[in-house]
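Chemist: If you read the sequences in order, they're chains A and B. Position in the first sequence counted from 1, then plus 451, gives you this note's numbering. Position in the second sequence counted from 1, then plus 12, gives you this note's numbering.
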Amino acid sequence: MLKGRSILEPMDMTVAELEGIFDLADAIIDDPEKFAHACDGKLLATLFYEPSTRTRFSFEAAMLRLGGKVIGFSEPNSSSVAKGESIADTIRTIACYADIAVMRHPKEGAPRIAANNTDMPVINAGDGGHMHPTQTLTDLLTIRRRKGGFTNLKIGLCGDLKFGRTVHSLIKAMSRYEGVEFIMISPEELRVPEYVRKGVLEANNIPYREVKKMKEVMPELDVLYMTRVQRERFFNEEDYIRLKDRYILDLEKIENAKEDLMILHPLPRVNEIAVEVDNDPRALYFEQAKNGMFVRMALIMKLLGIEVQ
Amino acid sequence: MIVNSIEKGIVIDHITAGTGHRILDYLNIDTKNNTVAFIMNAYSQKHGRKDLIKIENVTDVDLTVLGLLDPTATVNVIENGQIVKKISLELPETVVDVIKCKNPRCVTSVERNAHHIFHLMNAETHEYRCEYCDDIVNMKGE
Numbered sequence: 452m453l454k455g456r457s458i459l460e461p462m463d464m465t466v467a468e469l470e471g472i473f474d475l476a477d478a479i480i481d482d483p484e485k486f487a488h489a490c491d492g493k494l495l496a497t498l499f500y501e502p503s504t505r506t507r508f509s510f511e512a513a514m515l516r517l518g519g520k521v522i523g524f525s526e527p528n529s530s531s532v533a534k535g536e537s538i539a540d541t542i543r544t545i546a547c548y549a550d551i552a553v554m555r556h557p558k559e560g561a562p563r564i565a566a567n568n569t570d571m572p573v574i575n576a577g578d579g580g581h582m583h584p585t586q587t588l589t590d591l592l593t594i595r596r597r598k599g600g601f602t603n604l605k606i607g608l609c610g611d612l613k614f615g616r617t618v619h620s621l622i623k624a625m626s627r628y629e630g631v632e633f634i635m636i637s638p639e640e641l642r643v644p645e646y647v648r649k650g651v652l653e654a655n656n657i658p659y660r661e662v663k664k665m666k667e668v669m670p671e672l673d674v675l676y677m678t679r680v681q682r683e684r685f686f687n688e689e690d691y692i693r694l695k696d697r698y699i700l701d702l703e704k705i706e707n708a709k710e711d712l713m714i715l716h717p718l719p720r721v722n723e724i725a726v727e728v729d730n731d732p733r734a735l736y737f738e739q740a741k742n743g744m745f746v747r748m749a750l751i752m753k754l755l756g757i758e759v760q
Numbered sequence: 013m014i015v016n017s018i019e020k021g022i023v024i025d026h027i028t029a030g031t032g033h034r035i036l037d038y039l040n041i042d043t044k045n046n047t048v049a050f051i052m053n054a055y056s057q058k059h060g061r062k063d064l065i066k067i068e069n070v071t072d073v074d075l076t077v078l079g080l081l082d083p084t085a086t087v088n089v090i091e092n093g094q095i096v097k098k099i100s101l102e103l104p105e106t107v108v109d110v111i112k113c114k115n116p117r118c119v120t121s122v123e124r125n126a127h128h129i130f131h132l133m134n135a136e137t138h139e140y141r142c143e144y145c146d147d148i149v150n151m152k153g154e
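1. Quick check on DSSP: helix, strand or coil for S503 (chain A)?
2. When the Cα of A561 (chain A) is compared with those of A:N575, A:D550, A:A734 and A:R616, which residue comes out closest?
3. Looking only at C-alpha atoms, which of B:V87, B:G79, B:C145 and B:I99 sits nearest to E105 (chain B)?
4. Output yes if chain A places a C-beta closer than 8 Å to the C-beta of M133 (chain B); else output no.
5. Kindly indicate which three-state DSSP category K753 (chain A) falls into: helix, strand or coil?
6. Could you have a look at E68 (chain B) and say whether DSSP puts it in helix, strand or coil?
7. Cutting at 7 Å between CB atoms, please list the residues of its own chain near G21 (chain B), excluding the five before and the five after it.
8. P502 (chain A): buried (16+ other C-beta within 10 angstroms of its C-beta) or exposed?
9. Rounded to a whole number of angstroms, what is the C-alpha to C-alpha distance between D729 (chain A) and V759 (chain A)?
10. Identify whether N134 (chain B) lies in helix, strand or coil by the three-state DSSP scheme.
11. Which chain A residues sit within Cβ distance under 8 Å of E143 (chain B)?
12. Using the three-state DSSP reduction, which class does D540 (chain A) fall into: helix, strand or coil?
13. What would DSSP say about T43 (chain B), mapped onto helix, strand or coil?
14. Between N92 (chain B) and E143 (chain B), is the Cβ-Cβ spacing less than 8 Å?
15. Assuming L498 (chain A) and G523 (chain A) make a contact with CB atoms under 8 Å, what is their CB distance in whole Å?
16. Have a look at A:V573, A:K623, A:R505 and A:A539 and flag the residue whose alpha-carbon is nearest the alpha-carbon of L591 (chain A).
17. Report the neighbours of Y646 (chain A) on chain B: residues whose CB is nearer than 7 Å to its CB, in chain order.
18. Any contact between the stretch 463-480 of chain A and the stretch 578-594 of chain A? By contact I mean 3 or more CB pairs, one from each, below 8 Å.
19. Thinking just about the alpha-carbon of each residue, which of B:N16, B:K62, B:N45 and B:H26 is nearest to the one in V87 (chain B)?
20. Thinking C-beta only, is E460 (chain A) closer than 8 Å to S626 (chain A)?
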């Protein structure tokens, strides 16, 4: 049962619980009207200590489309955080008013501090360069709807794999399925952190390769997961400028890719996917963004223990 | 070298040679008011060389810290000049407020009163991971 639990990283949900969320998300996509009053009288708090468009809007839209209401802040300067309030105190206060909370924070592990200090379900909406479990739900739902499942997939991850929290979460989630293999395409400085390499890939004997060039591995891939080099994660602007344009996906690069390749991106993109790729049927990042709202609707319902007959 | 035996206290024996000073640092014993003997590089039948610490009148040391720093060490509790208890150490599964997370992006760097919690990830390599940010610390080399 997911009711009452916090979701801080993908492994907080079992494979069966994930399937339950995806089944519910599929049902919502098929008949959204049926769920329009599922969360009547419920309140979602959105605590965004860092800018966000997609994730915040998709959570807010999800709750509103379920008939619930939303309170919160979208930048910490407009809240008591600016007065120096701790995360622990903030969440204890919010829990007096809301039924469920979503938190994005630039510091890694911040949502865990929140979850440890309340009985209200807390959802991690991205903590620094660490984890982003609901983006992973979005990614997985998109893959499941196209591929029918998660086994025997060769997944290319490209760009900023060091600070890319969506990548860390996706690797963790996919590590539980049979026959999954990763090809990680990045400059040496932006390779996945040790806790992902040792703690997830090597600990679970997941085959992976680290390469520097995208084109040579393109024909092998079933999924290509592009990421943005994130300016906000660098302490040094020079490093960001040196690395930001290293990988740009264009039509020429996917010439020899599989017909059913899935090109995914957590968005927002800067220039790592050329606009010309958008019209290719394999470009699925906007479909992915849409799925994000539906899967968050499903997650909110599960955490609140709400069922619609 | 002769170090007198103690009437009451503890003897931390079989400390891996060279790590005794770290153990003393972490145990934070009040050396102004307690008699402490610290022997480095003593002969050991088992290990060749070892460090050894004797602390008089103190019996309640933090065994979690000891296990974390040197799980091969042994602790003898002495009362009335006799060993009343022998304790074998092991790597603790979880340590609280012993290891500080050094990741500048970790929430523990900004959140007041947050406990620094580390979980054992690999017993062979003595690697621990931060509960919050998953950063890995190798306690063999710390």
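The beta-carbon is built from N, C-alpha and C at its ideal position, and this holds for glycine as well.
Modeler: Taking the structure as given:
1. coil
2. A:N575
3. B:G79
4. yes
5. helix
6. strand
7. K66, I67, E68, N69, V70, T71 and I90
8. exposed
9. 36 Å
10. strand
11. G560 and R563
12. helix
13. coil
14. no
15. 6 Å
16. A:K623
17. R141, D146, D147 and I148
18. yes
19. B:H26
20. no
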